[in-house]
Structures are given as C-alpha cells and as structure tokens.
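Read the structure below first, then the notes.
Residue numbers (the working numbering), protein chains in the order written: chain A, 1 to 370; chain B, 1001 to 1205.
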C-alpha cells in the first residue's frame, strides 16, 4: 500500500469521529448543558473558528496552538480556547453593552496535544463568561451554574475544587525570583510535594515564614475548615490573606445555597491558564481520573482588547463528560423511535405521502419501492 | 478505606511491603502471580515500574508508589504528597574511567533507560545529545562503543565500577514516592487522606 492510499484510511492522531448512539449522546449532553446556560439568562455567541494569532492571550497555549499564515501574510490561529475570543467580542462588537454581560459558547477548540490521558487535539467545549458586575456574586453564580450542569447530567459525587492564584502569587509577590526558580516552586506546590517545595526554596531569597507557608500550601486542601487553617498559616502575608478572604465569601455563599457537599478547597492548586488572576476551580467526579472542566477569574484579559473589566468563566469538556457518564454507568440515551416506512405506488404519490406523514410529525423512512 | 493502589514488582516492592506492614495496612502475601489482588477493601495492581504513573494518571488506580526517577522520566500529572524515604538512589551521568570531558565532544551519545531525563540534562547544559534508548544493561553501552556515557540510577556504584564506569554528575536524587490521582484526591478525599496520613506516619516512625 502506498503512502497516499494509506492516509485515506488512517485517522490522524488526536481527532475522532462519532457515530450513531455516541453522536446522539453527545448532542443530548450538549443540549442539557446549554439549557442550563440559557436558564441562567446567558446569551449564545458563535465566534469564528480562527482569528489573528495575537488574540489568543495565553502563553501556556502558544506551543499547542495551530497557527498559519493567511493569504495577506498575517499570522492566524485556529482557536485554542474560547475565552480570548469572547473577551475580544465583549470589548469590541459589544462595547456599547452595559456590564454585566453573560455570554456562552459551545464548539470545538483545536490544540496540538501529545497523546495522553483523555486528551485530543480537537476538544469540544461548552462554557460561559460572566463579564463585569460584582466579582464575588459572579464567582458564586458561575460555580452554581457549573454545579447545576453536572447535577442535571446525572453526574454522581462531583466535587468543585476551589483555589485562588493570589495565594501562591501573593506569597511570592515581593520575592525577587528568577523564572526558573519560580517555576520549580510552582511545579512542586502543584505536585503537593512538601519536601520538594522545601528543597526548591532558594536560600536567602524568600523570608522564612513565606517559605514555611509555601510548604504548608501542599497540605491546604479539604473541606471549608481549610480556610481557617489557611488564614493562620498565611497570617504574615496580607495579599494571600485577601485571596483566602475572597474564597471564603464565595464558599459561604455557595454553602448557604445548598452546595457545601460539592465543594473542596485546594490552595495548592496553582496551575491553569496564565491569564487567571483570582479564583480558579476544577470539577472532578469519581470514575474519571482528570477534571471534566474548570474555570477561573481573569480580571486583566479584557484590558488587552481596550475595555478593562473583571470577568470570570468556566467550561465543561464534552468529550470528558461523555466518558465520565459512561464510566459512571449512567443510562445511555433512548434509541430513536422506529421509523414508518412510506413509499410505493409511484415516486410522486409516495413522496407526497411521506411529506404528509412528516407534516404530522412522524419519523419516516422513504422507500421508493414501498 | 476503599482504594486501588498501583505497585511495581521491582526494586521498591520489599520497602513498600515493610512500610504497609508498619502502617498497619493490608498487603498481599508475596510471590503471588496475580496482577490484581483485592484485599480488605483495598485493590492492589502489580505493574511495571515505568507504568505505575500511567495507571495513576488515568485514574485506573487512585494511588501508587513510584520512584522519583520514574516520575522524572514519565512526568505524570499526579500529586506526590509523601516522600516515603526508602528506595534511595541517585540518577547520575557515568562514563568510562579517565574519559575526556563531554564538553569537548560535538555531540554526546548517551545510553539510558531515561531518555527524557537524559536529553533534558544535556540540553540544559547547551550540549547536543543523541539518546540511545535501552531497556536494561545500560552499563555495557560505553565499553562496547554504543555510547559515550550513560544516565542511570546507582545505589552503591558497584555495578558501574565493575563495568569500568565512574559517576561524573548527579542528575537527581531519587526515593520512593506516594503518588495520587488528581480526581481521586478530591472526589475520594476521606479514603485518600487516611492512606496519606497512615503512610506519612509510618514513614517517620
């Protein structure tokens, strides 16, 4: 077999094709999630599939972005995420619209991903952005919406793990560290490796109490009681305390609204796209080894597009939701009703009969020989 | 406690068993041939050492025990909450006794079971590197002309010496780590927290 004919059969790594039952199931999941977004009065935006490469703000996504040169020589990129696109639209096309704005999207993003757990190059994301308005109310609202989506889908035992980039960032705001040291510390905090954090602390450059607090971050996860402990551990760092205070307000609001059982605090969660500035969260559930979605606050992104405005958003991965629901053994969707076979008695009359049955709402299969 | 734990039957097994016994946790009787062993609510998976992180990252196992050397090579997206303290060894660059410094050679040919660690180590030093990936008996490679040097784990250094090699540089220190799947850590918080606490306590006891 020569190379060309081989490629006609082979599927490139990182993309998938969904058939029949699986395709139907994905549509059902999407419809259910989007109905929750609509139910909270969010407005759908259908952004373009590609835009100028500069629009996509995340340095972290840059090496994974499919970019190409347009006919006029400009550098373009297939969207690696929606948030930058929605920020651009909110600051540009919707510049006259008063805040807060509530926008949602549903579609594919494209990222070059090395093949790995649950990762594809073509990812289907459903998400929303809450732009402007009171930040704590917006944080609580989007978390409540994320919880409702998972609940409506029948996901059992889900947990929203909440962190805040201002804890790690606040602790190190005044330390003058080179990027490599900072990244090593961040990476060890992320791994919850207390001994590793201690070993990565540069001698003399970080005050002892800050170093101790960084080590303790690796263990500051659990239920809401962690927040009290965090306030003690972070006592000497006002910026990090402020971050914990913001989290506390959101957690108290969500707990009062009946969501306490679905919340976890994880102050060692320091990953995420680099445009996040505040609350960050990830959704986990038993049966899937990685998050089904997540989000966070990005208060500086819109300024890039000329309309400084605080914002928060999240997305759920359709591919991961489908996998999770499958692993949790949730009922597959009901098969479509059996079609009525209509036709015969000549092509014209047969087709007329089929159209009549369609007008009456029947599922028909047109068979010209009847 | 109801968790799936991935372990390797390699060099960490004895230390793992001892630690589990000290922590008062169940552990399967040795020399079994089964690869999946349920025991008192826990489920043990016995897999290759390089595969332990994969099982944990995918969430097939909630937790696992892996050497830091293996974690550096596989770079899994997992938590590493406890340094278990046993299985201590060093990842080193070793080359034939008396060989010239690698800085003078245009390209370093390095034989290793740790291709990612080895290439990162030399590239960070501005050296071009050709990694020769081997599955074992790495110490033979320089003497037979397959490579200029090796990157491998050493405990005592005796195997190196027997093959005419000497350690030149330490790449990293290694020991056994408890690793935890990120979803299990949150979605099965109570079970994971009690395992972490039990092993951390037994480790320092």
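Just so you know, even glycine gets a beta-carbon here, dropped at the ideal spot from N, CA and C.
Taking CB distances under 8 Å as the criterion, tell me whether residue i reaches chain B.
i                      : result
residue 338 of chain A : no
residue 266 of chain A : yes
residue 113 of chain A : no
residue 291 of chain A : yes
residue 370 of chain A : With a pLDDT of 47 at residue 370 of chain A, under the threshold of 50, the modelled position of that residue is not reliable, and the figure given next carries that caveat. No, residue 370 of chain A does not count as interfacial toward chain B.
residue 1 of chain A   : For residue 1 of chain A, the pLDDT reaches just 47, beneath the cut-off of 50, and the residue's location in the model is therefore unreliable, although a value from the coordinates is still provided. For residue 1 of chain A, the answer is no, since every Cβ of chain B falls outside 8 Å of its Cβ.
residue 14 of chain A  : no
Name the chain A residues that come within less than 8 Å of residue i, Cβ to Cβ?
i                       : result
residue 1187 of chain B : 157, 158, 159, 284, 285 and 286
Give me the chain B residues within the contact set of residue i, using Cβ-Cβ distance strictly less than 8 Å, ordered along the chain.
i                      : result
residue 222 of chain A : 1189 and 1193
residue 195 of chain A : 1083
residue 218 of chain A : 1081
DSSP three-state label for residue i, please.
i                       : result
residue 267 of chain A  : coil
residue 314 of chain A  : strand
residue 222 of chain A  : strand
residue 1013 of chain B : helix
residue 1089 of chain B : strand
residue 37 of chain A   : helix
residue 149 of chain A  : helix
residue 164 of chain A  : strand
residue 1049 of chain B : helix
residue 1022 of chain B : helix
residue 1109 of chain B : strand
residue 89 of chain A   : helix
residue 139 of chain A  : helix
residue 1174 of chain B : strand
residue 1195 of chain B : helix
residue 1083 of chain B : strand
residue 131 of chain A  : strand
residue 173 of chain A  : coil
residue 380 of chain A  : An answer regarding residue 380 of chain A cannot be provided, because it is not within the stretch 1 to 370 covered by chain A.
residue 66 of chain A   : coil
residue 112 of chain A  : coil
residue 348 of chain A  : helix
residue 29 of chain A   : helix
Should residue i be flagged as near chain A, meaning a C-beta pair shorter than 8 Å?
i                       : result
residue 1121 of chain B : no
residue 1057 of chain B : yes
What residues from chain A crowd round residue i, counting only those whose CB sits closer than 9 Å?
i                       : result
residue 1135 of chain B : What residue 1135 of chain B touches in chain A: nothing, since even the nearest Cβ is about 21 Å away.
Please tell me whether, using a cut-off of 7 Å, the distance from the CB of residue i to the nearest non-hydrogen atom of the ligand GDP is below it.
i                       : result
residue 1024 of chain B : Ligands are entirely absent from the displayed structure, and the ligand GDP is therefore not among its contents.
Quick test of the definition: if touching needs 3 or more C-beta pairs under 8 Å, does the region 1001-1010 of chain B touch the region 1042-1054 of chain B? The region 1001-1010 of chain B, when compared against the region 1042-1054 of chain B, does touch it at the 8 Å Cβ threshold.
Can you find at least 3 beta carbon pairs, one from the region 50-68 of chain A and one from the region 32-41 of chain A, that sit closer than 8 Å? Flag = no, the region 50-68 of chain A and the region 32-41 of chain A do not touch.
With 7 Å as the C-beta to C-beta threshold (strictly closer), list the residues of the region 1151-1185 of chain B near chain A in chain order. Cβ contacts with chain A come from 1181, 1182 and 1183.
Residues in the region 166-192 of chain A having any Cβ partner in chain B nearer than 8 Å: Interface annotation for the region 166-192 of chain A against chain B: 191 and 192, criterion Cβ-Cβ distance under 8 Å.
Take every Cβ of the region 1050-1057 of chain B, pair it with every Cβ of the region 1070-1082 of chain B, and state whether three or more of those distances are shorter than 8 Å. Taking 8 Å as the limit for Cβ pairs, the verdict is that the region 1070-1082 of chain B does touch the region 1050-1057 of chain B.
Using a Cβ distance threshold of 8 Å, determine whether the region 51-61 of chain A contacts the region 92-104 of chain A, with at least three qualifying pairs required. Counting Cβ pairs under 8 Å, fewer than three are found: no touch.
Validate contact between the region 165-177 of chain A and the region 201-210 of chain A using beta carbons, cut 8 Å, 3 pairs: At 8 Å Cβ cutoff, the stretches touch.
Does the region 1080-1093 of chain B come close enough to the region 1192-1204 of chain B to have 3 or more Cβ pairs within less than 8 Å? Flag = yes, the region 1080-1093 of chain B and the region 1192-1204 of chain B touch.
Are the region 280-297 of chain A and the region 252-261 of chain A touching by the rule of at least three beta carbon pairs closer than 8 Å? As far as the Cβ criterion goes, the region 280-297 of chain A does not touch the region 252-261 of chain A, which means the pair count is below three.
Are at least three pairs of beta-carbons, each pair with one atom in the region 1060-1073 of chain B and one in the region 1172-1191 of chain B, less than 8 Å apart? These segments touch.
Is it true that the region 264-277 of chain A meets the region 161-168 of chain A, where meeting means three or more beta-carbon pairs spaced less than 8 Å apart? Counting Cβ pairs under 8 Å, three or more are found: they touch.
Three or more C-beta pairs below 8 Å linking the region 1159-1176 of chain B and the region 353-365 of chain A: Short answer: they don't touch.
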